[in-house]
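In this note's numbering, the protein residues as written are 25 to 198.
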């Protein structure tokens with residue numbers, strides 16, 4: 025049975041470290057100066073401060089993927105979309121508490137990785153939607169979503185998420 029950590033509450037630092045290592049491998053974050061370079065410290069920060077932003081996806085007890093969103097402000101979003109800041113700068117604004125769960129007005133669809141045997145089943149879009157709904161909760165906010173497409177599949181997922189949630193979507197173009 026497919027489950028999402030936003031529903032089950034089941035997350036561990038081991039999960040976060042696993043997702044960090046997968047992201048480094050899949051996205052080449054260690055060699056691309058424009059991408060966020062997640063550290064072990066970042067994993068702990070997300071787990072302790074933004075658990076609803078990381079959605080661990082499992083089939084029974086087997087890890088099959090994850091999605092990650094980052095709360096932002098419209099100003100940071102505009103700076104990112106216009107290439108005035110990079111993904112690492114965006115992350116540092118959150119980590120340094122310039123953006124909090126109380127003052128966000130935009131959400132960055134940061135990453136989604138799904139095991140190849142489970143792709144094209146809507147798992148990443150469901151993961152994003154569940155995290156965004158959890159983040160918005162009872163707040164009176166209609167955030168703008170934004171993304172930086174790593175692949176055509178990423179663009180399709182971002183479009184689907186925005187459509188499901190009826191939220192505006194912005195894209196960083198390379």
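C-beta: ideal position from N, C-alpha, C; glycine also.
DSSP places residue 71 within a helical segment (H, G or I) once states are collapsed to three.
Three or more beta-carbon pairs drawn from the segment 130-137 and the segment 173-193 are found closer than 8 Å, and the two stretches are therefore classed as touching. For residue 195, the enclosing beta strand (DSSP E) stretches over residues 193-196.
In the DSSP secondary-structure assignment, residue 28 is bridged to 81.
Distance from the Cα of residue 43 is smallest, within the candidate group 87, 109, 183 and 179, for 87. Each residue's CA atom was taken as its position, placing residue 175 and residue 127 some 30 Å apart.
Beyond the five residues adjoining it in sequence on each side, residue 31 comes within less than 7 Å, by CB distance, of 154 in the same chain, given in chain order. Membership of residue 138 in the beta strand (DSSP E) is indicated by the continuous run 130-138.
Burial is judged here by how many other beta carbons sit within 10 angstroms of a residue's own beta carbon; residue 76 has at least 16 and is buried. The beta-carbon separation of residue 137 and residue 90, rounded to 6 Å, stays under the 8 Å limit for a contact.
In the DSSP annotation of this structure, residue 125 is not part of any alpha helix (DSSP H), being labelled neither H nor E. Just so you know, the alpha carbons of residue 145 and residue 156 end up roughly 19 Å apart. Here residue 40 carries a helix assignment [DSSP, helix/strand/coil].
Judged by DSSP secondary structure, residue 149 falls outside any beta strand (DSSP E) and instead within the alpha helix (DSSP H) spanning 147-160. In the DSSP assignment, residue 176 falls outside any beta strand (DSSP E) and within the unbroken alpha helix (DSSP H) covering 176-189. Boundaries of the alpha helix (DSSP H) harbouring residue 112: 111-119, taken from the DSSP string. Judged by beta-carbon spacing, residue 152 lies beyond the 8 Å limit of residue 94, meaning their Cβ atoms are not closer than that value. Note that the segment 112-125 touches the segment 61-74; at least 3 beta-carbon pairs, one per stretch, sit closer than 8 Å.
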